[in-house]
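If you read the sequence shown in our numbering, its first letter stands for residue -8, the second for the next number, and so on.
Heads up, the thing below is written out as structure tokens.
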Amino acid sequence: MRLTYIYHSGFAIETEGYTILIDYFKDTGKTPDTGYVHDELLRRAGTLYILSSHFHPDHFNPDVLK
-8 MRLTYIYHSG
2 FAIETEGYTI
12 LIDYFKDTGK
22 TPDTGYVHDE
32 LLRRAGTLYI
42 LSSHFHPDHF
52 NPDVLK
């Protein structure tokens, strides 16, 4: 299991069979310190689960569901 901090209170939990993104927020920048998440994390093998603690734009980005 691997836990990764993803900018602004977001986290990713990666296991062999699935990935969980928690409070995913994507800023307009393309660096890890501005919320950029590499496509490999979003499209890795296994199931992708999205967990949002609440429906504010800084804790949920609908683009991650596309």
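Glycine included, every Cβ here is placed at the ideal spot set by N, Cα and C.
Once DSSP output is grouped into helix, strand and coil, what is the label at residue i?
i, result
"residue 5", "strand"
Cutting at 6 Å between CB atoms, please list the residues of its own chain near residue i, excluding the five before and the five after it.
i, result
"residue 45", "none"
"residue 33", "none"
"residue -8", "6"
"residue 12", "3, 41"
"residue 0", "14"
Is the beta carbon of residue j closer than 8 Å to that of residue i?
i, j, result
"residue 38", "residue 15", "no"
Leaving out five residues before and five after residue i in sequence, what residues of the same chain have Cβ atoms less than 7 Å from its Cβ?
i, result
"residue -6", "2, 4"
"residue 43", "14, 50, 51"
Should residue i go down as buried or exposed, given a rule of 16 or more other Cβ atoms within 10 Å for buried?
i, result
"residue 56", "exposed"
Excluding the 5 residues preceding and the 5 following residue i in the sequence, name in chain order all residues of the same chain whose CB lies nearer than 8 Å to its CB.
i, result
"residue 35", "5, 10"
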